[in-house]
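Colleague:
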Amino acid sequence: MVTELIEWVSGLATGLIEAFGYLGIFLGMAIESINIPLPSEVLMTFSGALVAKGEFSFWPVVLIGALGNVVGSVGNYYLAAYGGRPLFEKYGKYVLVHKRDLETADRWFAKYGLATVFFTRMLPVVRTFISFPAGLSRVRLVPFVLLTFAGSFIWSALLTYLGFYFGENYEARIRPIFKQFDLAIGAALVLLVVWYVARHLRLRRH
Numbered sequence: 018m019v020t021e022l023i024e025w026v027s028g029l030a031t032g033l034i035e036a037f038g039y040l041g042i043f044l045g046m047a048i049e050s051i052n053i054p055l056p057s058e059v060l061m062t063f064s065g066a067l068v069a070k071g072e073f074s075f076w077p078v079v080l081i082g083a084l085g086n087v088v089g090s091v092g093n094y095y096l097a098a099y100g101g102r103p104l105f106e107k108y109g110k111y112v113l114v115h116k117r118d119l120e121t122a123d124r125w126f127a128k129y130g131l132a133t134v135f136f137t138r139m140l141p142v143v144r145t146f147i148s149f150p151a152g153l154s155r156v157r158l159v160p161f162v163l164l165t166f167a168g169s170f171i172w173s174a175l176l177t178y179l180g181f182y183f184g185e186n187y188e189a190r191i192r193p194i195f196k197q198f199d200l201a202i203g204a205a206l207v208l209l210v211v212w213y214v215a216r217h218l219r220l221r222r223h
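Taken in order, the sequence shown gives residues 18 to 223; the numbers are from our numbering.
#1: At the level of alpha carbons, what is the spacing between S74 and L80?
#2: Between V112 and L84, what straight-line distance do the alpha-carbon atoms span, to the nearest angstrom?
#3: Find out if the Cβ-Cβ distance for the pair V88, V78 is shorter than 8 Å.
#4: My assumption, with CB atoms under 8 Å, is that L96 sits in contact with V134. Please give the rounded CB distance.
#5: Please list, in chain order, all residues of the same chain as V184 whose beta carbon is under 7 Å from its beta carbon, the five residues on each side excluded.
#6: Should P2 and F126 be called a contact, given that it needs their Cβ atoms to be closer than 8 Å?
#7: State the start and end residues of the unbroken alpha helix (DSSP H) segment that holds M139.
#8: Does the Cβ of G41 have 16 or more other Cβ atoms within 10 Å, making it buried, or fewer, making it exposed?
#9: Please determine, among A174, Y182, R144, the residue with the shortest C-alpha to C-alpha distance to G82.
#10: Determine the contact status of S64 and T177, defining contact as a CB-CB distance below 8 Å.
#11: Looking at the secondary structure, which residues open and close the alpha helix (DSSP H) in which I81 lies?
#12: Tell me whether the beta-carbon of N86 lies closer than 8 Å to the beta-carbon of I51.
#13: Could you tell me how far apart the beta carbons of S169 and R138 are, in whole angstroms, since I believe they sit closer than 8 Å?
#14: Along the chain, where does the alpha helix (DSSP H) that runs through L158 open and close?
#15: Can you give the Cα-Cα distance for L140 and I48, rounded to whole angstroms?
#16: Use the C-beta contact count for R157: other C-beta atoms within 10 angstroms, 16 or more gives buried, fewer gives exposed.
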């Protein structure tokens with residue numbers, strides 16, 4: 018399951034980057050940041066492998082990847098800040114988002130501040146959603162952009178180096194890892210979905 022999905026997404030990332038070069042990296046990372054499932058783990062490690070082959074340069078790849086993240090994140094920030102809360106409060110229940118989730122996001126930023134933007138940019142999955150609570154909480158835009166760039170730059174550098182380290186053989190060396198944990202990851206995803214749906218149905222009843 019996970020292996021086949023990664024292979025399919027890898028094909029999309031490969032085609033995008035091979036067709037547009039550095040622009041493909043930028044577009045791919047921007048697409049990921051607007052919550053379309055094109056993982057940076059695939060995009061940047063593949064780009065790192067191309068660095069190892071001499072087709073790209075390391076730091077331009079990292080910089081362009083981080084800038085792509087910033088552009089997509091700012092779009093989500095504005096969407097949440099200027100239309101997100103009323104839309105989520107009215108229609109969120111239909112996509113399993115409860116008003117209590119919005120209140121939790123407010124408390125999250127009230128307690129931890131803008132530091133959450135920086136650190137979550139280096140976490141898988143959550144990094145693509147953090148712009149929504151940031152926008153809903155109306156955190157300051159300039160610090161949001163700077164911290165988004167800083168966290169995304171570190172994330173992009175780590176992934177690019179990983180791809181560079183494995184070089185031309187990175188797919189052959191990474192694929193067995195996905196196969197090894199395929200069943201465990203699949204079971205975890207199913208349990209997470211069941212918990213999430215049950216939680217929101219309970220909140221709607223209350």
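For every residue, glycine included, the Cβ atom is placed at its ideal position computed from N, Cα and C.
Modeller: Based on what the coordinates show:
#1: For the pair S74 and L80, the Cα-to-Cα distance works out to about 10 Å.
#2: Confidence is the limiting factor: at V112 the pLDDT is only 48, short of 50, which leaves the residue's position unreliable, though a coordinate-based value still follows. A straight-line Cα-Cα distance of about 30 Å links V112 and L84.
#3: No, Cβ-Cβ distance for V88 and V78 is not below 8 Å.
#4: The Cβ separation is near 16 Å, so there is no contact.
#5: The sequence as given places Gly at residue 184; Val does not occur at that position. Cβ neighbours of G184 beyond the five flanking positions: A66, A69.
#6: Coverage of the chain is limited to positions 18 through 223, which leaves residue 2 absent and any answer about it impossible.
#7: First-last for M139: undefined, no H or E at that position.
#8: Per the 10 Å Cβ criterion, buried.
#9: Of the listed residues, the one whose Cα sits closest to G82 is A174.
#10: The answer is yes: Cβ separation under 8 Å.
#11: Unbroken alpha helix (DSSP H) run through I81: 75-96.
#12: Taking C-beta atoms as the reference points, N86 and I51 fail to come closer than 8 Å.
#13: Yes, S169 and R138 are in contact; Cβ-Cβ is about 5 Å, under 8 Å.
#14: Unbroken alpha helix (DSSP H) run through L158: 158-183.
#15: Note on geometry: alpha-carbon atoms of L140 and I48 lie some 17 Å from one another.
#16: Exposed is the call here.
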